[in-house]
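> The structure is given below, and queries will be raised subsequently.
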Amino acid sequence: KAGVTQTPRYLIKTRGQQVTLSCSPISGHRSVSWYQQTPGQGLQFLFEYFSETQRNKGNFPGRFSGRQFSNSRSEMNVSTLELGDSALYLCASSLGPSGVTEAFFGQGTRLTVV
Amino acid sequence: QKEVEQNSGPLSVPEGAIASLNCTYSDRGSQSFFWYRQYSGKSPELIMSIYSNGDKEDGRFTAQLNKASQYVSLLIRDSQPSDSATYLCAPSPSNDYKLSFGAGTTVTVRA
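The listed protein sequences correspond, in order, to chains A and B. FYI, the numbering used here numbers position 81 of the first sequence as 81, with every residue one higher than the one before it. So the mapping is simple: the numbering used here equals the position in the second sequence, first residue as 1, plus 114.
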């Protein structure tokens with residue numbers, strides 16, 4: 001059974017650019033959550049999608065957005081990149097609502113903003 | 115008060131010893147509790163889920179839950195160098211869909 005797949009694995013972008021990250025959940029999983037992980041802040045919740053609906057959003061500026069498609073694949077977008085956006089971005093999929101059922105993480109996308 | 119607090123590390127234990135990791139949480143409505151292991155530079159990996167008060171054993175790992183005290187712990191018996199990682203505690207949310215994580219406890223097993 002394939003796990004959670006995130007693409008790309010690594011990205012280098014310039015300040016001011018925008019970026020789109022992709023997450024394909026485990027087959028049959030309907031919930032996808034996104035997290036930002038930095039050395040100083042740990043795992044910070046970005047948003048959660050279930051059946052194409054965003055049900056919760058973390059405390060991040062509006063430059064961070066996401067969506068989920070009918071096949072449960074999800075994308076997140078960061079516009080007007082800042083140096084502080086450099087981080088490991090992780091997505092996690094779960095069969096049911098996030099937090100109720102077990103969540104499994106992808107390998108992450110490491111974003112570097114220069 | 116932080117939503118999830120874990121004992122500060124790093125925790126250094128000799129090979130073969132027991133590593134004890136603690137986690138307290140503020141959401142009294144949490145029903146499910148998850149422990150993740152994260153190796154340096156890798157993504158978190160789910161190693162244990164516990165839903166009821168008491169102990170749950172899985173190989174060398176034992177999770178202990180006390181909902182009344184809002185406390186969950188993870189014991190690693192017969193610690194091995196391969197157990198050297200950061201362990202993250204995540205209690206389920208009771209009224210939203212935001213799974214929050216503790217800052218993690220870094221464990222180093224000395225050979």
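Just so you know, even glycine gets a beta-carbon here, dropped at the ideal spot from N, CA and C. Quantities reported herein were computed from a predicted structural model and do not represent experimental measurements.
With distances taken between CB atoms, is the gap from A:L81 to A:G16 smaller than 8 Å?
Yes, the Cβ-Cβ distance between A:L81 and A:G16 is below 8 Å.
> Can you check whether the CB of B:L125 is closer than 8 Å to the CB of B:T114?
The structure shown has nothing for residue 114 of chain B, since chain B only spans 115 to 225.
> Taking 8 Å as the threshold (beta carbon to beta carbon), is B:P124 in contact with chain A?
No - not a single Cβ of chain A is within 8 Å of the one on B:P124.
> Compare the C-beta of B:S140 with all C-beta atoms of chain A and state if any pair is closer than 8 Å.
Output row for B:S140: interface = no.
> Go ahead and label B:P128 buried or exposed: buried means 16 or more other beta carbons lie within 10 angstroms of its beta carbon, across all protein chains shown.
Answer is exposed; the Cβ neighbour count stays below 16.
> State the DSSP-derived secondary structure class of B:S196, mapped to helix, strand or coil.
Helix, per DSSP.
> Quick check on A:R30 - is its C-beta less than 8 Å from some C-beta in chain B?
Answer no: the Cβ-Cβ gap between A:R30 and chain B never drops below 8 Å.
> Just the Cα atoms here: how many angstroms apart are A:I26 and A:V113?
Each residue's alpha carbon lies about 29 Å from the other.
> Which residue from A:K13, A:L21, A:F50 and A:T7 puts its Cα closest to that of A:T101?
Nearest C-alpha to A:T101: A:F50.
> Could you check if B:P195 is buried or exposed, using at least 16 other CB atoms within 10 Å of its CB as the buried criterion?
Flag for B:P195 reads exposed.
> Report yes if the C-beta distance between A:C94 and A:S31 is below 8 Å; otherwise report no.
This sequence places Ser at residue 94 of chain A; Cys is not what is there. Cβ atoms of A:S94 and A:S31: closer than 8 Å.
> By the 7 Å beta-carbon criterion, what residues does the stretch 12 to 45 of chain A contribute toward chain B?
Against chain B - using a Cβ distance shorter than 7 Å - the residues of the stretch 12 to 45 of chain A are S33, G42, L43 and F45.
> Helix, strand or coil, according to DSSP, for A:L95 in the structure here?
Three-state result, A:L95: coil.
> Step through the CB atoms of chain A and report whether any lies within less than 8 Å of the CB of B:K116.
No - not a single Cβ of chain A is within 8 Å of the one on B:K116.
> What are the start and end residues of the beta strand (DSSP E) that includes A:I12?
Segment Y10 to K13, the beta strand (DSSP E) holding A:I12.
> Buried or exposed: which applies to B:R151, given that a residue is buried once 16 or more other Cβ atoms fall within 10 Å of its Cβ?
Its Cβ being crowded by 16 or more others within 10 Å, B:R151 is buried.
> Output yes if chain B places a C-beta closer than 8 Å to the C-beta of A:G62; else output no.
For A:G62, the answer is no, since every Cβ of chain B falls outside 8 Å of its Cβ.
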